[in-house]
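In mature numbering (1 follows the signal peptide of the UniProt record, and there is no 0), the protein residues as written are -18 to -1, 1 to 239.
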């Protein structure tokens, strides 16, 4: 009997662990977890787990002091990364191309491409790292044919004026991880909603750059502050409302297997 109870307890623990690895539709505050310090750098986990279409989704912030480099030029063959500059200025190197970026600038690093970041200023820099590993095999050729890695300065993104505010397309194309990978930035005027509550099969993530919004997800309303991450699983009713007194801006990211 004791053996049976022990076995059942073990199965319960394993099942609980498996459930916590699956990330629900929710708001993930960027400062929920304490920061860790190492070699003069600060790192903070925002979320870590899996979703319907992602075997692994990790998001963390990291800082670099004046003149610091994150690591020697290196590549990862099992993941794609999105880099979002939060504060300061960051020199981003991908393979043999480099560019210095300011706040809200964004980078796509395809699987297999070498990368390195350096703070070339005399003030601290902070950036957010989004790591994606699909449930399907990586396809390096598809990524290269889709356009490869890219470095986008916020100030160079084309601005499209809308009745609700502004829109900036970053890219919409295949990548090494996904048959389609889409990122755009949206700015909403105060009191305006992104769109009526709706659903779609593609998973989606939004990162609030500025302002305060309410995420309506399912039957819940969740407050969102600048820096927070909003994750939406397939077919979950949702929309975003600017509930602040100033314009809000966020990146919207969708991936398709």
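Heads up, the beta-carbon is just placed ideally off N, CA and C, and yes, glycines get one too.
Remember, it's a predicted structure, so these values are computed and weren't measured experimentally.
Other residues of its chain near residue i: CB distance less than 8 Å, five sequence neighbours each side excluded
i           : result
residue 132 : 89, 90 and 153
residue 200 : 7, 218, 219 and 220
C-alpha distance - residue i paired with residue j, whole-angstrom precision
i           : j           : result
residue 54  : residue 170 : 39 Å
residue 119 : residue 238 : 13 Å
residue 225 : residue 174 : 8 Å
residue 167 : residue 142 : 10 Å
residue 26  : residue 231 : 22 Å
residue 43  : residue 223 : 25 Å
residue -14 : residue 49  : Any reading at residue -14 needs caution, since the residue's pLDDT is 40, under 50, leaving its predicted position unreliable; the model's value is listed next. Distance between the alpha carbons of residue -14 and residue 49: 57 Å.
residue 107 : residue 23  : 10 Å
Extent of the continuous beta strand (DSSP E) to which residue i belongs
i           : result
residue 147 : 147 to 155
residue 31  : 23 to 31
residue 20  : 18 to 20
residue 217 : No beta strand (DSSP E) holds residue 217; DSSP gives it neither H nor E.
residue 164 : 162 to 170
residue 38  : 36 to 46
residue 12  : From DSSP, residue 12 is part of no beta strand (DSSP E); its letter is neither H nor E.
residue 225 : Unbroken run through residue 225: none, as it is neither H nor E.
Cβ shell of residue i (< 6 Å), same chain only, five flanking positions each side left out
i           : result
residue 86  : 136 and 191
residue 164 : 154 and 236
residue 139 : 150
Selected residue, minimal CA-CA separation from residue i, among the options
i           : options              : result
residue 34  : 148, 193, 44 and 116 : 116
residue 245 : 41, 142 and 215      : The structure shown does not extend to residue 245, since the chain spans only -18 to 239, so no value can be given for it.
residue 4   : 31, 40 and 12        : 31
residue 162 : 213, 125 and 21      : 125
residue 81  : 69, 203 and 98       : 98
residue 193 : 228, 100, 24 and 64  : 228
Residue span of the alpha helix (DSSP H) that contains residue i, given as start and end
i           : result
residue 126 : 122 to 127
Close-in-space but distant-in-sequence residues of the same chain around residue i (CB under 7 Å, 5 per side omitted)
i           : result
residue 61  : 93, 113, 114 and 115
residue 178 : 221
residue 40  : 30 and 113
**Within the segment 66 to 132, ranges of the beta strand (DSSP E) (whole runs, at least 3 residues)** = Listed in chain order, they are 72 to 76, 79 to 83, 88 to 91, 96 to 100 and 107 to 116.
**Message:** To test your reading of the DSSP string, which unbroken alpha helix (DSSP H) runs of 4 or more residues are found completely within the segment 171 to 212?
**Reply:** none
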